[in-house]
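Q: Protein chains in written order, with full-length UniProt numbering: chain A, 1 to 325; chain B, 1 to 201. All C-beta atoms, glycine included, are put in the ideal place defined by N, C-alpha and C. Let me begin by handing over the structure; questions about it come next.
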Amino acid sequence: MAMAALRREGRRLAPLISPRTITAVRSSPLYPTLEDEGPLGVRHISTQVVRNRMKSVKNIQKITKAMKMVAASKLRAIQTKTENSRGLWQPFTALLGDLPSADVKKNVVVTISSDKGLCGGINSTSVKISKGLHKLNSGPEKETKYVILGEKAKAQLVRDSKKDIELIITELQKNPLNYTQVSVLADEILKNVEYDALRIVFNKFQSVVSFVPTVSTVLSTEIVEREAESGGKLVDLDSYEVEGGETKGEILQNLAEFQFSCTMFNAVLENACSEQGARMSAMDSSSRNAGDMLDRLTLTYNRTRQASITTELIEIISGASALEG
Amino acid sequence: MLRRASMLLACRPILAARARPFSTDLPAAPSADATFTEAWTKVIPNMDPPKTPLSFMQPRPPTPSSIPSKLTVNFVLPYASELATKEVDMVIVPATTGQMGVLPGHVATIAELKPGVLSVHEGSEMTKYFVSSGFVFIHANSFADIIAVEAVPLDRLDVNLVQKGLAEFTSKLSSATTDLEKAEAQIGIDVHSALNSALTG
Chain A
1 MAMAALRREG RRLAPLISPR TITAVRSSPL YPTLEDEGPL GVRHISTQVV RNRMKSVKNI
61 QKITKAMKMV AASKLRAIQT KTENSRGLWQ PFTALLGDLP SADVKKNVVV TISSDKGLCG
121 GINSTSVKIS KGLHKLNSGP EKETKYVILG EKAKAQLVRD SKKDIELIIT ELQKNPLNYT
181 QVSVLADEIL KNVEYDALRI VFNKFQSVVS FVPTVSTVLS TEIVEREAES GGKLVDLDSY
241 EVEGGETKGE ILQNLAEFQF SCTMFNAVLE NACSEQGARM SAMDSSSRNA GDMLDRLTLT
301 YNRTRQASIT TELIEIISGA SALEG
Chain B
1 MLRRASMLLA CRPILAARAR PFSTDLPAAP SADATFTEAW TKVIPNMDPP KTPLSFMQPR
61 PPTPSSIPSK LTVNFVLPYA SELATKEVDM VIVPATTGQM GVLPGHVATI AELKPGVLSV
121 HEGSEMTKYF VSSGFVFIHA NSFADIIAVE AVPLDRLDVN LVQKGLAEFT SKLSSATTDL
181 EKAEAQIGID VHSALNSALT G
C-alpha cells in the first residue's frame with residue numbers, strides 16, 4: 001500500500017518535474033522554476049511560488065478586513081444623519097404628490113454616485129437607471145441632460161453620453177456632508193441648467209445588505225400647474241392659499257427650489273450610506289474568498305512539500321538498495 | 001467543509017433579520033406609480049423599475065368632514081425631525097406676512113417663513129423655537145408641515161453675540177458696493193434683528 005501511495009505521489013509530481021538534461025542549465029533568476037538544486041545534485045520541488053502566493057493572499061485578506069471595519073464605522077456615523085433627514089422630503093411629496101411619468105420637454109437626470117470604488121454594484125445600477133430614464137424620456141422635441149455627482153458615474157457616462165452631460169461635480173465627501181454644501185450645489189444646478197423636470201437617481205439605504213435604486217422627481221412650477229389643471233394625479237394647487245410675496249408664482253418658484261435642495265440632501269446622504277454598506281459587504285465577501293483561497297493554497301503547499309520529501313526518500317532508499325545489490 | 005456549512009446556516013438568519021427595513025420607512029401602497037412602471041417595462045424590459053418616494057411614505061388621511069380637535073404637526077429640519085405627527089392645539093408661525101396662528105380646521109395654505117419665533121402650544125405648555133426660514137404647508141385635513149432650514153430653542157441664543165452680529169452687518173451694509181454684498185448684508189440684518197426681538201420680546 002505504501003508503494004501504491006508513493007506511485008500516486010510520483011504521478012502527481014509528473015507535471016511538476018521538468019525533464020533534466022545532463023548539461024544542467026542554470027535557470028535564470030527572472031523565471032523561477034519549480035525545481036532547484038540542493039547539494040550533490042539532489043532535486044527538490046520548490047515551494048517558493050506557492051509560498052509567495054500565500055503571503056500575498058494573506059495580505060489581501062488583512063487589507064480587505066481592515067477596509068470592512070473602516071466602512072462599518074463610517075456607516076454608523078452617517079446612518080444617524082440619514083435617518084434624521086428622512087422627514088425632510090415627505091412634506092413635499094405629501095403636498096405636491098409624485099409624478100415620475102410626467103411628460104416634459106426638458107428633462108434633467110441628476111445621477112448621484114460615489115467617488116471611490118470597491119463598493120459593489122451600486123454605481124453601475126445608478127448609471128443603468130439613468131440611461132434607462134434617458135431612453136424613457138426620449139422622443140421628438142424632448143431632450144434629457146445629465147448632471148453627474150461623483151467620479152464613478154462620470155467615468156461610465158462620459159464614454160457614450162458625453163454631449164448630454166451638463167455638469168459634473170466630484171469630491172463631494174471631502175468634508176462631512178451638510179445641508180449648506182448641498183444647497184449651494186442645488187443652487188448651482190438650478191442656475192446653470194434649464195429644466196422642466198429634475199429626476200434624482202440614487203440608491204436608497206434600506207439596510208446594510210439592501211440598497212434600492214430610487215428616482216425622485218422634482219417638477220418645475222409651470223409643469224406642476226399644467227398637471228394640476230389637466231386633472232392629473234397631482235394635487236390642485238389652487239385649493240391652497242399662498243401667503244405673502246407679490247405673486248403666487250414667486251412663492252411657488254421658491255418652493256420648487258427648496259424642494260430640490262431638500263430632496264438632494266436626503267438623496268446624497270442615502271447614497272453615501274448605501275456606498276458604505278455596499279463596500280462593507282464587498283470587502284466581507286472578498287475577505288471570505290481570500291480565506292478560501294488561502295485554504296486551498298495551504299493544501300497545495302503541503303502536498304508539494306510532502307511530495308518533495310517523498311522524492312528525496314525514494315532517491316535515498318533506491319540509491320541504498322542499489323548499493324546493496 | 002462542515003465549517004463553511006455551519007457558517008452559511010449562521011449567516012442566513014442574520015441576513016434575513018438585517019433585510020428588514022428601518023421603522024422610519026413604512027411602505028405605503030404605491031398608487032401613482034403604475035403609469036411609470038408600465039412605461040418603464042415597455043422601454044427597458046430587462047431591469048426592474050426604480051422605486052419612487054411614494055412607495056416609502058405613509059399616505060396622509062383624507063379630509064375629515066368635521067373639524068378635528070387637534071392639529072397634527074410635522075416640524076422637520078435637515079438634521080432632525082423635531083416634531084413628528086405630534087398632536088397640538090395651535091402653532092404660531094412667522095410667515096413673511098407676519099405671525100400666523102394655525103388652528104385645527106385652518107384653510108389649506110402654503111406660506112414662506114421669514115426669520116422669527118415659532119411657538120407650539122400644547123395644552124398649557126408652550127415651546128418656542130427661533131427658525132431661520134423655510135416653508136409651512138397647512139393641509140385641509142388639519143396636518144401642518146413646517147420645514148425649516150435651522151431652528152433652535154430660544155434659550156440657546158446668546159444676547160451679546162446677537163448684538164455684535166447686528167452691529168457687524170449694519171456696518172457691512174453701509175460699506176457694501178455690489179448688489180450681492182448689499183443683499184447679503186440685508187439678510188444678516190434681518191436675521192439678527194429678528195433674533196433681537198425674539199430675545200427681548
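#1: If the cut is a Cβ gap below 8 angstroms, which residues of chain B does E241 of chain A touch?
#2: Taking one C-beta from the stretch 95-105 of chain B and one from the stretch 154-171 of chain B each time, how about it: are there three or more such pairs within less than 8 angstroms?
#3: Would you say F75 of chain B and V120 of chain B are within 9 angstroms of each other, going by their C-beta atoms?
#4: Sort A:D238, A:Q276, A:C262 and A:A197 by Cα distance to E143 of chain A and report the nearest one.
#5: Identify, in the order they occur along the chain, each residue of the same chain with its Cβ nearer than 8 angstroms to the Cβ of S124 of chain A, setting aside the five sequence neighbours on each side.
#6: Looking at the strands, I want to know which residues DSSP matches up with V108 of chain A.
#7: Would you kindly check if the distance between the Cβ of K145 of chain A and the Cβ of V193 of chain A is under 9 angstroms?
#8: Bridge partners of I129 of chain A, per DSSP?
#9: In chain order, what residues of the same chain lie with their CB nearer than 6 angstroms to the CB of K248 of chain A, ignoring the 5 residues before and after it?
#10: Ignore the nearest five residues each way along the sequence and tell me which others in V102 of chain B's own chain have a CB closer than 7 angstroms to its CB.
#11: Looking at the strands, I want to know which residues DSSP matches up with F135 of chain B.
#12: How would you label G121 of chain A, buried or exposed, when you count the other beta carbons within 10 angstroms and need 16 or more for buried?
#13: So with CB distances below 7 angstroms, who are the chain B contacts of C119 of chain A?
#14: Would you say L294 of chain A faces chain B, with C-beta separation under 9 angstroms as the test?
#15: Return the bridge partner residues of Y129 of chain B from the DSSP annotation.
#16: Along the stretch 49-64 of chain B, what residues have a CB closer than 9 angstroms to any CB found in chain A?
#17: Distance check for G244 of chain A and P115 of chain B, CA to CA, integer angstroms please.
#18: Restricting to Cα atoms, I'd like to know which of A:L136, A:D160, A:L297 and A:M283 is closest to A39 of chain B.
#19: CB-CB under 6 angstroms to T63 of chain B, same chain, minus the five flanking residues each way: which ones, in chain order?
#20: Taking 9 angstroms as the threshold (beta carbon to beta carbon), is D145 of chain B in contact with chain A?
#21: Do you know whose CA, among A:N178, A:A153, A:L133 and A:M280, lies nearest T214 of chain A's CA?
#22: Check the Cβ of Y179 of chain A against every Cβ in chain B and list those closer than 9 angstroms, keeping chain order.
#23: Closest by CA to V218 of chain A, which one among A:V209, A:D187, A:F260 and A:I314?
#24: If we ignore side chains and look at the alpha-carbon of each, how far apart do S308 of chain A and I45 of chain A end up?
#25: Distance, Cα to Cα, Q186 of chain B vs L173 of chain B?
#26: Thinking V208 of chain A and M293 of chain A are a contact (beta carbons under 8 angstroms), I'd like their distance in whole angstroms, please.
#27: If we count the other Cβ atoms within 10 Å of its Cβ and call it buried at 16 or more, is L252 of chain A buried or exposed?
#28: Select from the stretch 185-213 of chain A all residues with a C-beta closer than 8 angstroms to any C-beta belonging to chain B, and list them in chain order.
#29: So which residues on chain B does residue 334 of chain A lean against when the C-beta distance must stay under 7 angstroms?
#30: Taking Cβ-Cβ distances shorter than 7 angstroms, what residues in chain B pair up with D98 of chain A?
#31: Going by DSSP in three states, M100 of chain B sits in which element: helix, strand or coil?
#32: Rounded to the nearest angstrom, how far is the Cβ of S220 of chain A from that of A256 of chain A, given a contact under 8 angstroms?
#33: Check whether the stretch 67-80 of chain A and the stretch 271-291 of chain A are in contact - that is, three or more C-beta pairs closer than 8 angstroms.
#34: Based on Cα-Cα distance, which residue from B:E181, B:E150, B:S193 and B:T177 lies nearest to A167 of chain B?
#35: Exposed or buried, P176 of chain A, counting other C-beta atoms within 10 Å across all chains shown (16 or more means buried)?
#36: If you measure between the beta carbons of R86 of chain A and N271 of chain A, is that distance less than 9 angstroms?
A: To lay it out plainly:
#1: V107, A108, T109 and I110
#2: no
#3: yes
#4: A:A197
#5: Q156
#6: A:K145 and A:L198
#7: yes
#8: According to DSSP, which records beta bridges pairwise, I129 of chain A is partnered with nothing at all.
#9: V242
#10: L71, M90, V91, V93, I138 and A144
#11: B:E112 and B:I147
#12: exposed
#13: Ordered by position in chain B, no residue passes the 7 angstroms Cβ test against C119 of chain A, which lies about 18 angstroms from the chain.
#14: no
#15: B:L118 and B:P153
#16: P49, P50, K51, T52, P53, L54, S55, F56, M57, Q58, P59 and R60
#17: 14 angstroms
#18: A:L136
#19: A140 and N141
#20: yes
#21: A:L133
#22: L77, P78, Y79, V149 and E150
#23: A:F260
#24: 5 angstroms
#25: 7 angstroms
#26: Not a contact, Cβ separation roughly 25 angstroms.
#27: buried
#28: V201, K204, Q206, S207, V208, V209, S210, V212 and P213
#29: Past the boundaries of the shown model lies residue 334 of chain A; chain A is included only from 1 to 325, so the question cannot be answered.
#30: A32, T52, P53 and L54
#31: strand
#32: 6 angstroms
#33: yes
#34: B:S193
#35: exposed
#36: no
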